[in-house]
């Protein structure tokens with residue numbers, strides 16, 4: 002924790018810290034390997050708590066922010082906002098008190114909203130900020146009232162809470178379902194992604210969506226005895242939502258919106274796995290949250306690189322980039338494969354665990370998972386084919402600064418090497 006806070010001022014200056022950032026990311030990567038290997042490690046205190054889930058998401062947060070600082074040229078205000086978001090994320094992932102968790106859980110919205118509304122380029126960014134605040138705040142107010150009503154909810158990890166019957170489980174979950182987001186309350190996410198700057202999109206996709214899953218994993222044990230048929234409804238809506246959003250990706254022309262809807266589909270399956278609340282499903286969901294954080298961050302970075310070179314995100318205008326930018330074509334191919342969970346990536350292990358658990362829970366999920374996999378593979382390959390084939394209308398240029406690809410290399414190393422360390 003102290004290392005994170007002490008290193009943040011270094012990231013706010015415009016000097017070249019590529020070596021520092023690279024060495025830091027390697028250190029954090031090996032620390033994440035240690036977490037995967039020692040998955041029963043737990044550190045507790047009166048206010049803070051670190052278990053494998055907290056450690057994994059904290060390391061993912063730190064590594065994501067390192068890659069953001071490596072790959073973007075930001076002013077000091079943006080760096081200050083990102084540093085504040087990182088500090089709030091680390092505190093949120095390590096708090097054990099319920100009320101404190103809620104306060105910091107909501108505080109993260111403030112710098113995120115400022116980042117989207119001030120650093121976005123289009124006038125629609127104000128509407129995106131309004132959607133973000135309305136969906137998340139309205140959904141989280143019942144959670145605040147429930148926490149205030151049950152004065153005994155002092156710790157997220159109290160064994161007493163594991164057996165306490167709370168009669169309003171949906172109130173607890175609504176705030177996290179909107180953050181994940183669940184299908185039907187997901188409309189804020191594509192708007193926020195499209196209007197946010199690169200650093201905002203990377204933070205949203207890699208970290209902020211995981212807050213919803215993290216909160217569900219922490220709060221579901223509190224109301225497990227009174228949930229009754231709620232998981233069945235949530236799983237049904239999420240799985241059908243994954244099919245609809247995946248099919249929508251196939252006809253989507255804006256690259257950024259396409260990746261955003263792809264995130265909704267991936268998180269819908271992850272949410273379904275969490276709601277089953279079995280050991281294998283929880284492990285698969287945690288692995289998928291980490292894997293999706295890595296791959297979606299890299300895809301948004303690739304979209305930004307493509308936009309900077311061609312001044313458009315429309316897939317109709319982008320043709321035959323392999324002739325003008327072969328390096329970019331290579332990375333689009335790599336992360337298109339990562340997005341469809343090709344081996345040996347972490348995405349594959351997460352999807353296998355989730356798929357096996359969902360099919361074991363209900364055999365009909367096998368058909369749904371097959372359709373989702375088919376749709377995901379189709380639009381991932383379609384992106385690559387549309388970008389790299391056809392008649393080019395762009396001026397050929399071979400000028401690709403290699404420093405931008407260092408961040409993509411770290412994304413790839415993280416996605417592959419973590420699964421190699423698992424036992």
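Numbering (the working numbering), first residue to last: 2 to 424. Idealized CB from N, CA, C, for every residue including glycine. Here the structure is a predicted model, which means the values were calculated and not measured.
Q: Specify the secondary structure class of residue 96 as computed by DSSP and reduced to three states.
A: Three-state result, residue 96: strand.
Q | Counted within 10 angstroms of its Cβ, other Cβ atoms place residue 389 as buried (16 or more) or exposed | A | Residue 389 is buried by the Cβ-count criterion.
**Q.** Boundaries (first-last residue) of the alpha helix (DSSP H) holding residue 125
**A.** Segment: none, residue 125 is in no alpha helix (DSSP H) and carries neither H nor E.
Q | Three-state class that DSSP yields for residue 328 in the structure shown | A | Helix, per DSSP.
Q: Return the CA-CA distance between residue 433 and residue 173, expressed in angstroms with no decimal places.
A: Residue 433 lies beyond the stretch modelled for the chain, which goes from 2 to 424, so this question has no answer here.
Q. For residue 264, which residues from the same chain have a beta carbon less than 6 Å from its beta carbon, with the 5 sequence-adjacent residues on both sides left out?
A. Taken in chain order, the residues that qualify are 206, 297.
Q.
Our contact map puts residue 214 next to residue 275 with C-beta atoms below 8 Å; I'd like the distance itself, whole angstroms only.
A. With a Cβ gap of about 6 Å, residue 214 and residue 275 count as contacting.
Q | Buried/exposed call for residue 289, threshold 16 Cβ in 10 Å | A | By the neighbour-count rule (16 or more Cβ atoms within 10 Å), residue 289 is buried.
Q. Exposed or buried, what is residue 219 when buried is set at 16 or more other beta-carbons lying within 10 Å of its beta-carbon?
A. In summary, residue 219 is buried, with 16 or more beta-carbon neighbours lying within 10 Å of its beta-carbon over all protein chains present.
Q) What did DSSP end up calling residue 185 once you bin it into helix, strand or coil? A) Note: residue 185 maps to coil in three-state DSSP.
**Q.** Option nearest residue 139 by Cα separation, candidates 382, 110, 125, 255
**A.** Distance check between residue 139 and each of 382, 110, 125, 255 places 110 closest, using alpha-carbon atoms only.
Q.
Please classify residue 367 as buried or exposed, where buried requires at least 16 neighbouring CB atoms within 10 angstroms.
A. Residue 367 should be labelled exposed.
Q: Return yes when the Cβ of residue 294 is within less than 9 Å of the Cβ of residue 354, no when it is not.
A: At least 9 Å separates the beta-carbon of residue 354 from that of residue 294.
**Q.** Whole-angstrom distance between residue 129 and residue 62, CA atom to CA atom
**A.** Distance between the alpha carbons of residue 62 and residue 129: 23 Å.
Q | Continuous alpha helix (DSSP H) stretch holding residue 301: start and end | A | Segment 280-311, the alpha helix (DSSP H) holding residue 301.
Q: Classify residue 125 as buried or exposed, calling it buried when 16 or more other Cβ atoms lie within 10 Å of its own Cβ.
A: By the beta-carbon neighbour count (other beta carbons within 10 angstroms, threshold 16), residue 125 is exposed.
Q.
By the three-class DSSP mapping on this structure, what secondary structure does residue 131 have?
A. Assigned with DSSP and collapsed to three states, residue 131 falls in helix.
Q | Rounded separation between residue 1 and residue 244 - CA only | A | In the structure as shown, the chain starts at 2 and stops at 424, and residue 1 therefore has no counterpart that could be examined.
Q: Starting from the C-beta of residue 55, find all residues in its chain whose C-beta is less than 7 Å away, skip the five residues before and the five after it, and write them out in chain order.
A: Answer for residue 55: 94, 95, listed in chain order.
Q: Label residue 74 either buried or exposed according to how many other C-beta atoms from any shown protein chain fall within 10 Å of its C-beta, with 16 as the threshold for buried.
A: Answer is exposed; the Cβ neighbour count stays below 16.
Q.
Let's test the definition: count the other Cβ atoms within 10 Å of the Cβ of residue 280 and tell me whether it reaches 16, buried, or not, exposed.
A. An exposed status is given to residue 280, since fewer than 16 other beta-carbon atoms sit within 10 Å of its beta-carbon.
Q: Report the residue from 190, 417, 406, 90 whose alpha carbon sits nearest the alpha carbon of residue 104.
A: It is 90 whose Cα lies nearest to the Cα of residue 104.
Q.
Given this structure, state the Cα-to-Cα distance separating residue 376 from residue 48, to the nearest angstrom.
A. The alpha-carbon separation between residue 376 and residue 48 amounts to approximately 44 Å.
Q: In angstroms with no decimal places, state the Cα-to-Cα distance between residue 320 and residue 312.
A: Near 13 Å, if we compare the C-alpha coordinates of residue 312 and residue 320.
Q. Enumerated in chain order, which unbroken segments of the alpha helix (DSSP H) with a length of 4 residues or greater are wholly contained in the segment 321-393?
A. Here the runs fully enclosed are 322-325, 327-340, 347-362, 366-389.
Q | residue 9 versus residue 87 - alpha carbon distance | A | For residue 9, the predicted structure reports a pLDDT of 45, less than 50, and the residue's modelled location is therefore unreliable. A value from the coordinates is still provided. Whole-angstrom Cα-Cα distance: 9 Å.
Q.
Using only the alpha-carbon positions, how far apart do residue 310 and residue 114 sit?
A. Approximately 27 Å, taken between the alpha carbons.
Q: Return the chain-ordered list of same chain residues with a C-beta closer than 8 Å to the C-beta of residue 16, the five sequence neighbours on each side being excluded.
A: For residue 16, the predicted model reports a pLDDT of 43, less than 50, meaning its position is unreliable; a value from the coordinates is still stated below. Contacts found: none.
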